[in-house]
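Since the structure comes first, as structure tokens, the remarks are kept for the end.
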Amino acid sequence: MGGKLTRVASRESTLGGEWTRKPEEAFPSAQDEAESDSDSEAEPLSEGEAEESGSDMSSVDISQKSHSEGAPLESVTENLLANVLRHILLFGGRQEAQEVDKVLELRLEHVESSRKIGDQVFRAIDDGGICLRVKNRAGVFRLQNNHVALIECKRRITAFKNGEPRISDTCLAQLTCEALLARGLQSNDDSVYIIHGAQQFVMLFEFDIPKSYMEEFPNLRDESYIKVSTTGWMDLTTRTGRKALVDNICALMETKLGGGGE
């Protein structure tokens with residue numbers, strides 16, 4: 001594929017961290033129709049291939065062989081992550097209070113988004129998400145934002161390097177496409193959050209996409225890029241991993257329910 005690529009600067013830390021890596025080529029934007037659909041999934045990259053492709057985001061040691069062999073269906077990951085997120089949203093952070101004016105809740109439906117820019121059509125289908133509902137004067141909670149956070153699941157981690165899990169460029173490209181489409185649906189908030197799951201492992205992404213970037217896209221200046229903050233991999237079979245996910249989702253609640261975002 002030829003054409004200009006979207007540059008992504010990744011920051012490995014908890015959401016909102018400050019450590020910035022050099023920009024990476026990540027998102028092919030020159031296709032006549034760019035599609036991002038979780039139904040098709042490539043085999044995980046080997047260690048040699050991951051040397052050349054994949055973002056350096058790891059915090060757990062995983063056996064590539066045992067992880068890849070007999071990988072469950074993607075729906076198994078979706079169900080696990082949905083149940084964990086539902087529990088956190090019901091009992092964590094601000095939503096423990098009995099009286100609230102706005103709430104975050106789990107969205108199970110897969111939502112397709114598309115946008116035509118010039119001669120190109122960008123399309124993505126998420127695996128669910130987190131939405132925001134606000135109470136009106138009649139006491140009814142109405143949907144205000146269907147894309148507070150997106151969920152994107154895979155059957156397995158998409159790349160390994162020296163036995164450590166990574167994010168392949170193909171997977172990062174898919175997440176970036178979803179983030180760009182979600183950013184186009186919101187006017188005042190530059191941040192798009194994606195919760196990425198692979199079996200029992202979870203990583204959170206925050207894509208910081210300024211309005212100027214959206215106005216330029218896809219004819220970008222050389223200095224235009226997207227900032228991406230990530231957590232490390234969180235293993236839901238461990239207490240440490242579960243606590244890390246709870247802390248990050250509660251931080252998202254604080255941001256969205258405490259007046260820090262749409």
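Take the sequence shown: its letter number 71 is residue 71 in UniProt numbering, and every next letter is one higher.
For every residue, glycine included, the Cβ atom is placed at its ideal position computed from N, Cα and C.
Check                                                                                                         : Outcome
Sequence-distant residues of the same chain with beta carbon closer than 8 Å to Q95, five excluded per side   : L89, V103, L104, M253, L257
Helix, strand or coil at A82 [DSSP, three-state]                                                              : helix
Inter-residue Cα distance where the pair is F91 and D119                                                      : 46 Å
C-beta atoms of L77 and G241 nearer than 8 Å                                                                  : The sequence given here has Thr at residue 77, not Leu. No, they are not a contact pair.
Ordered list of alpha helix (DSSP H) runs contained in the region 124-197, each at least 4 residues           : 169-183
Three-way DSSP call (helix, strand, coil) for D222 in this model                                              : coil
Touch test, the region 113-128 against the region 221-237, Cβ-Cβ under 8 Å, three pairs minimum               : no
Unbroken alpha helix (DSSP H) run spanning I249, endpoints                                                    : 239-257
Nearest to C153 (by Cα), restricted to the options V134, F122, C177, N79                                      : N79
Own chain partners of L132 with C-beta closer than 7 Å, once the 5 adjacent residues on each side are dropped : K102, L104, Q144, N145, V148, K256
Check whether G128 and E109 have beta carbons under 8 Å apart                                                 : yes
Spatially closest choice to V111 from G139, Q199, I151, by CA coordinates                                     : I151
DSSP bridge partner residues for L106 (one or two, in chain order)                                            : I130
Under 8 Å between C-beta atoms of L73 and A124                                                                : no
Beta-bridge pairing of K211 - partner residues as DSSP gives them                                             : Beta-bridge pairing links K211 to no other residue.
V202 vs I194 beta-carbon contact at 8 Å                                                                       : no
Residues near R107 in its chain [Cβ-Cβ closer than 7 Å; skip 5 each side]                                     : G128, G129, I130, C131, N146
Closest residue to V192 among T230, S75, P218 (Cα-Cα distance)                                                : T230
Euclidean distance between Cα positions of V121 and S168                                                      : 23 Å
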